[in-house]
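S.K.: A single structure is presented below for examination.
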Amino acid sequence: MSPMLDYVYQMTGIDAAYILIGMLVLILILFILVIVALCKLKKLHRRYDRFMRGKDAESMEDTILSCIEKNEKLDQMNQILREDIIGLRKNQRITYQKMGMVKYNAFREMSGDLSYALALLDQQNNGFLMNSVYAKEGGYSYIKEIVNGESVIQLSEEEQAALDKAKSQS
399 MSPMLDYVYQ MTGIDAAYIL IGMLVLILIL FILVIVALCK LKKLHRRYDR FMRGKDAESM
459 EDTILSCIEK NEKLDQMNQI LREDIIGLRK NQRITYQKMG MVKYNAFREM SGDLSYALAL
519 LDQQNNGFLM NSVYAKEGGY SYIKEIVNGE SVIQLSEEEQ AALDKAKSQS
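Taking the working numbering, the leading residue of the sequence shown gets 399, the next gets one more, and so forth.
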């Protein structure tokens, strides 16, 4: 043994071989960590190279500016579409969305259900009810206004059935 190793053994009471083995293990661990770091660096370099391939600083800037321009145009189009949707929703509330129809035979001596009652309502159950009565002498049509699902004029059975059909639709 060398005098230095003897001195370490006398001072610490630990055999120098254990210290060398410990340092060797530590160097091995550090070597493995360096290899792992190099592998990650190589992978990152490949990704960076793929990202920058065929690009210089000016063309990259053009690409980014083009993306920003497209994004601004999309934002403008999105705002226009939102306004259109709001307008469509307003119009939808006042359009006729619900329909109820009942065909019936107004006069028993005639064959076929040639008369009908038709109710057309909007979202709030406002609209009209049309009754068309067919007779031998001719046809007659009547319209009754419907407000909040009700008529101020009394309804016949067929008219009420048509109104109930229309109101039952969501």
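Here a beta-carbon is modelled for each residue, glycine too, at the ideal position from N, C-alpha and C.
In whole angstroms, what separates the C-alpha of valine 531 from that of glutamate 557?
M.R.: 11 Å
S.K.: Would you identify the three-state DSSP class for lysine 471, choosing helix, strand or coil?
M.R.: helix
S.K.: Ends of the alpha helix (DSSP H) at leucine 561?
M.R.: 555-565
S.K.: Considering only their Cβ atoms, is the gap separating asparagine 529 from valine 545 smaller than 7 Å?
M.R.: Not in contact: valine 545 and asparagine 529 (Cβ atoms no closer than 7 Å).
S.K.: Report the CB separation of tyrosine 514 from lysine 501 in whole angstroms; it is logged as a contact under 8 Å.
M.R.: 5 Å
S.K.: So which of Tyr540, Ile541, Ala559 and Ser566 has the shortest CA-CA distance to glutamine 521?
M.R.: Ser566
S.K.: Given this structure, state the Cα-to-Cα distance separating leucine 519 from asparagine 489, to the nearest angstrom.
M.R.: 14 Å
S.K.: Can you tell me where the beta strand (DSSP E) with asparagine 529 in it begins and where it stops?
M.R.: 525-533
S.K.: Excluding five sequence neighbours on each side, which residues of the same chain lie with their C-beta closer than 6 Å to the C-beta of isoleucine 551?
M.R.: Lys542
S.K.: Buried or exposed, going by whether 16 or more other CB atoms sit within 10 Å of the CB of glycine 537?
M.R.: exposed
S.K.: Alanine 560 and leucine 512 look like a contact to me (Cβ under 8 Å); what is the Cβ gap, rounded to whole Å?
M.R.: 15 Å between Cβ atoms; not a contact.
S.K.: Buried or exposed: which applies to alanine 533, given that a residue is buried once 16 or more other Cβ atoms fall within 10 Å of its Cβ?
M.R.: Alanine 533 should be labelled exposed.
S.K.: If you draw a straight line from the C-alpha of lysine 468 to the C-alpha of methionine 458, how long is it?
M.R.: 15 Å
S.K.: Can you have a look at alanine 564 and say buried or exposed, based on whether 16 or more other CB atoms are within 10 angstroms of its CB?
M.R.: When all chains shown are included, alanine 564 counts as buried.
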